[in-house]
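What follows is a short report on a single structure.
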Amino acid sequence: MNRTNIFFGESHSDWLPVRGGESGDFVFRRGDGHAFAKIAPASRRGELAGERDRLIWLKGRGVACPEVINWQEEQEGACLVITAIPGVPAADLSGADLLKAWPSMGQQLGAVHSLSVDQCPFERRLSRMFGRAVDVVSRNAVNPDFLP
Numbered sequence: 017m018n019r020t021n022i023f024f025g026e027s028h029s030d031w032l033p034v035r036g037g038e039s040g041d042f043v044f045r046r047g048d049g050h051a052f053a054k055i056a057p058a059s060r061r062g063e064l065a066g067e068r069d070r071l072i073w074l075k076g077r078g079v080a081c082p083e084v085i086n087w088q089e090e091q092e093g094a095c096l097v098i099t100a101i102p103g104v105p106a107a108d109l110s111g112a113d114l115l116k117a118w119p120s121m122g123q124q125l126g127a128v129h130s131l132s133v134d135q136c137p138f139e140r141r142l143s144r145m146f147g148r149a150v151d152v153v154s155r156n157a158v159n160p161d162f163l164p
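Dropping the structure here:
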């Protein structure tokens, strides 16, 4: 059975596929543009649950990030639905507009980095993330929008 039908049911036509990210999960944008859904197979359920948990944790500390709208687990996998962040992708901005946006992006990055590592319940140290980066590159799953 199609995973999209399992999680979206009859309203699956309200969700439009978008280019997948580095995880290989299926990603959809709601027709009104105000939400995104990520569907992971059963083998990646834990990773998607971790993404959900990190978003909830960050939101509770005042960091601007998507809000978790819905979480659903089925035998076939899991579905995470989050709000869209207002604005436009930085890649879509002109040089002048990008310069205007940098202070806001810097503030958000500063907010994340000001959080105490000792109070963070997630292991995201460089050694672990480097291994993940190697995996993404080896699967040719790098988002080309991030390449020069």
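Note that this note's numbering has the sequence shown beginning at 17, numbered continuously upward. We put the beta carbon where it would ideally sit given N, CA and C, even for glycine.
Review point. Just checking, does the segment 129-138 make contact with the segment 55-74 on the three C-beta pairs under 8 Å criterion?
Key: yes
Exercise for review: Grab the span of the alpha helix (DSSP H) containing alanine 58 for me, first residue to last.
Suggested key: Run containing alanine 58: none; DSSP gives neither H nor E here.
Exercise for review: Would you mind listing the beta strand (DSSP E) stretches within the segment 42-105 that are 3+ residues and don't spill past its ends, in chain order?
Suggested key: 42-46, 51-57, 84-90 and 93-99
Practice item. From the DSSP output, read off the bridge partner residues of leucine 32. Key: Checking the DSSP bridge columns, you'll see leucine 32 partnered with Arg45.
Practice item. For the segment 121-150, list the beta strand (DSSP E) runs that are entirely contained and at least 3 residues long, ordered along the chain. Key: none
**Study point:** Nearest-angstrom Cβ-Cβ length linking cysteine 95 and isoleucine 55, presumed shorter than 8 Å
**Key:** 5 Å
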